[in-house]
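Undergrad: If you scroll down you'll find the structure; I have some questions about it.
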Amino acid sequence: MRKSGILLHISSLPSRFGIGRMGRAAYDFVDFLKASETACWQILPLSPTSYGDSPYQSFSVCAGNPYFIDFVQLEEQGLLTHEDYASLLWQRTGDTIDYELLYRNNITVLRRAFARFREHPARGYSKFKTAQKHWLPEYALFMALKDAHDGAPWYEWEPALAQRQKKALERAKEELAEEIELYCFIQFVFTQQWQALKAYANRNQVEIIGDMPIYVAYDSADVWVSPELFALDENKQPIEVAGCPPDPFSPTGQLWGNPLYSWDYHKKTDYKWWKSRLAFAATLYDVIRIDHFRGFESYYAIPFGSETAEKGKWRKGPNKALFLSVKKELGELNIIAEDLGFITPGVRRMLKALKYPGMKVLQFGFDSDPSNEHLPHNFQSPNCVCYTGTHDNETLTGWLESANKKTVKYAKKYLRVTKKSHIPDAMVAACWQSIAELAVAQMQDFLHEDSACRMNTPSVLGGNWQYRTETADFTPELAAAIRKLNRTYGRNVQPAEITEPEKENTES
């Protein structure tokens, strides 16, 4: 079935309280997708953000981002008053996300809600904690300890805690019991709100495509609790870290800094941790897009302490064995493989064997080479996802602004337009008319946003993950234009398939 999707993270939704949240604006966006007959809503990882505000560097692979919790729903539950959150400053200048204010104010509000929750715990709270016992207690302890250490990473804590000595952990659990319970409460509230939003989307025939980073952050509960999963030395320090080698776009490569996996250990356990991670992700999303999928075939390892990614080495990963084992235990999961970057014949063989759809990105296609695999006429199979651009790309308008004359000339010729300004819309149409089973564009591309609205610039620290939309952006006229596009190229959700459920009474 041919489908289309719009890429817009929760953080980018309209909100008066610092960042997009799982409130009225989120439900309204589902309505917008429904009105435009768009089948998929693609988001970035839901995980809490850490240093650099990136959702790809998180304190946990399972936890949800507290920033996305809707305060209005908590007020309706009697856990907050309007004054508790509306009286705080959420924005200083401009219309982008102010992460410093969020960091300070969001937890303040959630502590107020927790204080009231402690007086009258909600039904289902104990059941939730039991169901999430494979990760929640350790994550909550980890976050409580981070707070007690002024946010310092776990590897800078006193050795007894960093090395997880039994007596030190028992003492911490006793002393920080209230803080631990706070973080359990936060995840309970997040889960309630997310599952309600996802259910609303699904009832309206909208699927959620969620992103899963291949790696985890060094400063995470996952590494602190289970160091055996990673390539660390006896002091729990990485031996090598993740990244990408130099290329024309990044002369010194990309140094991500994540610890690498101890694949021999994962193989011995029949990939138990990965199965658990994927099973959990399947409860959050309808479709899982796995970032940097080629890293399962072979991955780039950079000596720990390097300042650039220039001196790394390629090492073999688990290849298809991991996913065949996953399939045997969990069945067929809906997975999109992010197969961009340096793709070898080995990576192609792995993808062919697993039959997961890979990705094509139109912005990569216009280098004047008619054989470029990202041009629609070269797509070999419908089993792929065509993007105008990903969260790491420019907006189409921004891309066009910085494109050289040769690229612009070829794009005009290929897309059969006479004006440069017509290229972005023509690229969206080319994506939609391609044979790819799924076509996706960033919301910015439908709004004709320029480079100031780019979501992320890889290898650049600061200024990323701040893009916001406004309520006025989601007009009936735009929904009609996207609906026409979907109908023209056979990607529309049929109106007869759409139900009319009661909407959650929330706003943000």
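Each residue of the sequence shown is one higher than the one before, starting from 2 at the first, in the numbering used here.
Idealized CB from N, CA, C, for every residue including glycine.
Just so we're clear, the structure is a prediction, and the values are computed from it rather than from any experiment.
Quick one: give me the first and last residue of the alpha helix (DSSP H) that residue 535 is part of.
TA: Outside the shown range of the chain (2 to 509) lies residue 535, about which nothing can therefore be said.
Undergrad: Is the beta carbon of residue 383 sitting closer than 7 Å to the one on residue 436?
TA: Yes, Cβ-Cβ distance for residue 383 and residue 436 is below 7 Å.
Undergrad: Are the segment 272-285 and the segment 317-330 in contact at 8 Å, needing three or more beta carbon pairs?
TA: Using a Cβ-Cβ distance cut-off of 8 Å, the segment 272-285 and the segment 317-330 are in contact, since at least three pairs of beta carbons, one from each stretch, lie closer than that value.
Undergrad: Would the beta-carbon of residue 142 fall within 7 Å of that of residue 181?
TA: yes
Undergrad: In chain order, what residues of the same chain lie with their CB nearer than 6 Å to the CB of residue 467, ignoring the 5 residues before and after it?
TA: 97, 98
Undergrad: Leaving out five residues before and five after residue 489 in sequence, what residues of the same chain have Cβ atoms less than 7 Å from its Cβ?
TA: none
Undergrad: Enumerate in chain order the residues of its own chain whose CB-to-CB distance from residue 60 is below 8 Å, with the five nearest sequence positions on each side excluded.
TA: These residues qualify, in order along the chain: 48, 49, 51, 140, 143, 144, 147, 218, 220, 221, 222.
Undergrad: Using three-state DSSP, classify residue 259 as helix, strand or coil.
TA: strand
Undergrad: How close, in whole Å, do the beta carbons of residue 457 and residue 392 come, if the pair is a contact with beta carbons under 8 Å?
TA: 5 Å
Undergrad: Measure the C-alpha to C-alpha separation of residue 34 and residue 75 and round it to an integer number of angstroms.
TA: 26 Å
Undergrad: Taking one C-beta from the segment 281-289 and one from the segment 265-273 each time, how about it: are there three or more such pairs within less than 8 Å?
TA: Judged by Cβ distances under 8 Å, the segment 281-289 makes no contact with the segment 265-273, as fewer than three pairs qualify.
Undergrad: Taking only the alpha-carbon atoms, compute the straight-line gap between residue 502 and residue 205 and give it to the nearest angstrom.
TA: Because residue 502 carries a pLDDT of 44, less than 50, the predicted location of this residue cannot be relied on, and no value is offered for it.
Undergrad: Roughly how many angstroms lie between the CA atoms of residue 499 and residue 251, to the nearest whole one?
TA: Low per-residue confidence applies at residue 499: pLDDT is 46, beneath 50, and the placement is therefore not dependable, though the value from the model is reported in the following sentence. Cα to Cα, residue 499 sits roughly 45 Å from residue 251.
Undergrad: If you reduce the DSSP assignment to three classes, tell me which class residue 322 lands in.
TA: helix
Undergrad: Following the continuous beta strand (DSSP E) through residue 337, name the residue where it begins and the one where it ends.
TA: Counted as a single uninterrupted DSSP element, the beta strand (DSSP E) harbouring residue 337 occupies residues 336-338.
Undergrad: Note down, in chain order, each residue of its chain lying with its Cβ closer than 6 Å to the Cβ of residue 9, except the 5 sequence neighbours on either side.
TA: Non-local beta-carbon contacts of residue 9 in its own chain, meaning distances under 6 Å to residues more than five positions away in sequence, involve 444 in chain order.
Undergrad: Buried or exposed: where does residue 211 fall if 16 or more other Cβ atoms within 10 Å of its Cβ makes it buried?
TA: buried
Undergrad: Need the endpoints of the beta strand (DSSP E) that residue 119 sits in, please.
TA: From DSSP, residue 119 is part of no beta strand (DSSP E) but of the alpha helix (DSSP H) over 100-120.
Undergrad: My output table needs one value for residue 19: the three-state DSSP class, helix, strand or coil.
TA: When DSSP states are grouped into helix, strand and coil, residue 19 belongs to the coil group.
Undergrad: For residue 4, which residues of its own chain have a beta-carbon under 7 Å away from its beta-carbon, when the five flanking residues on both sides are left out?
TA: 40, 41, 438, 439, 492
Undergrad: Under the rule that 16 or more other beta-carbon atoms within 10 Å means buried, what is residue 450, buried or exposed?
TA: buried
Undergrad: Reducing DSSP to helix, strand and coil, say where residue 486 ends up.
TA: helix
Undergrad: Please classify residue 361 as buried or exposed, where buried requires at least 16 neighbouring CB atoms within 10 angstroms.
TA: buried
Undergrad: Buried or exposed: which applies to residue 343, given that a residue is buried once 16 or more other Cβ atoms fall within 10 Å of its Cβ?
TA: exposed
Undergrad: Once you ignore the five residues that flank residue 202 on each side, which residues in its own chain have a CB closer than 7 Å to its CB?
TA: 31, 42, 209
Undergrad: Which residues in the same chain have their Cβ closer than 7 Å to the Cβ of residue 397, if we skip the five residues on either side of it in sequence?
TA: 389, 390, 425, 428, 446
Undergrad: Round the Cβ separation of residue 416 and residue 404 to the nearest angstrom and send it over; I've been treating them as touching at under 8 Å.
TA: Contact doesn't hold; Cβ gap of about 13 Å is too wide.
Undergrad: Check residue 446 in the structure and name its three-state DSSP category.
TA: In this structure, DSSP gives residue 446 a helical state, which the three-state scheme calls helix.
Undergrad: What is the DSSP secondary structure of residue 251, reduced to helix, strand or coil?
TA: strand
Undergrad: By the DSSP assignment, the beta strand (DSSP E) with residue 185 in it spans what residues?
TA: From DSSP, residue 185 is part of no beta strand (DSSP E) but of the alpha helix (DSSP H) over 178-204.
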